[in-house]
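Visitor:
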Amino acid sequence: MKKALVVLSGGQDSTTCLYWAIDKFGKDNVSAIGFDYGQRHKKELQCAADICADEGIGYEIIPTPVINQLAANSLTREDIPVEETKPEGAPPNTFVEGRNHLFLSYAAIYAKTHGIADIVTGVCETDFSGYPDCRDIFIKSLNVTLNLAMEYNFVIHTPLMWLDKSQTWELADKLGVMDIVYKKTLTCYNGIAGEGCGHCPACFLRKRGYEEYMERKENV
Ligand code: ZN
Numbered sequence: 168m169k170k171a172l173v174v175l176s177g178g179q180d181s182t183t184c185l186y187w188a189i190d191k192f193g194k195d196n197v198s199a200i201g202f203d204y205g206q207r208h209k210k211e212l213q214c215a216a217d218i219c220a221d222e223g224i225g226y227e228i229i230p231t232p233v234i235n236q237l238a239a240n241s242l243t244r245e246d247i248p249v250e251e252t253k254p255e256g257a258p259p260n261t262f263v264e265g266r267n268h269l270f271l272s273y274a275a276i277y278a279k280t281h282g283i284a285d286i287v288t289g290v291c292e293t294d295f296s297g298y299p300d301c302r303d304i305f306i307k308s309l310n311v312t313l314n315l316a317m318e319y320n321f322v323i324h325t326p327l328m329w330l331d332k333s334q335t336w337e338l339a340d341k342l343g344v345m346d347i348v349y350k351k352t353l354t355c356y357n358g359i360a361g362e363g364c365g366h367c368p369a370c371f372l373r374k375r376g377y378e379e380y381m382e383r384k385e386n387v
């Protein structure tokens, strides 16, 4: 059986991907990796570690403070407040330039070292809000690049690529883990697990998606 490595931050999206991977590859073949880049809501990594411990999944946190040194923003700097609304036509100030590019490259190096070719990430083009390294075309391009860089047949899986937030909840529900995702993950920019602060952009999207899905479910 093939082995898979999940890039797991402890948020709703990557946690749903963890369970997608468990369903597809089998629990014994799944491991996960997270990155500590000095994010202000470091509690999310603890959420990820707790979820993996509950499932008996190996989880390794890789320190990548270099990202914070290269580019400071409101996710990594206490003195830059998180904007409640994003400026027109610009990415929100929680955006970390090139983050997914770096994380997936680090993940690929780690994966090959551990004999793993399948990498799972929760990036999503549907919620694309100016994050160019979340786009499908970028992931496909990086997949080719990584294969050439390391002479290895990586397959980058993006189960959420074309889902909106309500469909991500639906996927969690189908996988039978909606309750776990609802209670144990941390998406909130203000670092509050589960339901979150309720008013930051991440909480707003998460809540709206949840309500949309619940409404759809009730009407079936
Ligand atoms: Zn929040």
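Going by this note's numbering, the first residue of the sequence shown is number 168, and it counts up by one from there. Each residue gets a CB set at the ideal place from its N, CA and C atoms; glycine is no exception.
May I ask you to list the residues that DSSP assigns as paired with Ser198?
Guide: Leu172 and Gly225.
Visitor: Which partner residues of Asp203 appear in the DSSP bridge assignment?
Guide: Per DSSP, Pro230.
Visitor: Using a Cβ distance threshold of 8 Å, determine whether the stretch 193 to 207 contacts the stretch 298 to 310, with at least three qualifying pairs required.
Guide: Contact between the stretch 193 to 207 and the stretch 298 to 310 is absent, because fewer than three Cβ pairs lie under 8 Å.
Visitor: Can you check DSSP and say which residues form a bridge with Asp391?
Guide: Absent from the structure is residue 391, since the part of the chain shown begins at 168 and ends at 387.
Visitor: Identify every run of the alpha helix (DSSP H) within the stretch 298 to 363, keeping only runs that are complete inside it and at least 4 residues long; order them along the chain.
Guide: Entirely contained in the stretch 298 to 363, the alpha helix (DSSP H) runs reaching 4 residues are, in chain order, 303 to 317, 332 to 341 and 345 to 351.
Visitor: Taking the CB atoms as reference points, tell me whether Thr288 and Ile234 lie closer together than 8 Å.
Guide: Contact flag unset, no.
Visitor: Taking only the alpha-carbon atoms, compute the straight-line gap between Val263 and Ala238 and give it to the nearest angstrom.
Guide: Roughly 7 Å between the two C-alpha positions.
Visitor: When we look at the beta-carbon of Asn386 and count the other beta-carbons within 10 Å, is it buried (16 or more) or exposed?
Guide: The residue is exposed, with fewer than 16 neighbouring Cβ atoms inside 10 Å.
Visitor: In the structure shown, what three-state DSSP assignment does His268 receive?
Guide: His268 falls in the helix class under three-state DSSP.
Visitor: Closest by CA to Gln213, which one among Tyr356, Lys169, Ala360 and Lys332?
Guide: Of the candidates Tyr356, Lys169, Ala360 and Lys332, the one whose C-alpha sits nearest the C-alpha of Gln213 is Ala360.
Visitor: Once you ignore the five residues that flank Phe192 on each side, which residues in its own chain have a CB closer than 8 Å to its CB?
Guide: If we look at Phe192 and ignore the five residues flanking it on each side, its Cβ neighbours are Met168, Lys169, Lys170, Ala171 and Asp285.
Visitor: By Cβ distance below 7 Å, which residues in the same chain neighbour Tyr380 in space, the five residues on each side in sequence not counted?
Guide: Taken in chain order, the residues that qualify are Ser333, Trp336 and Glu337.
Visitor: Just mark Asn310 as buried or exposed, buried being the case when its beta carbon has 16 or more other beta carbons within 10 Å.
Guide: By the 10 Å Cβ count, Asn310 comes out buried.
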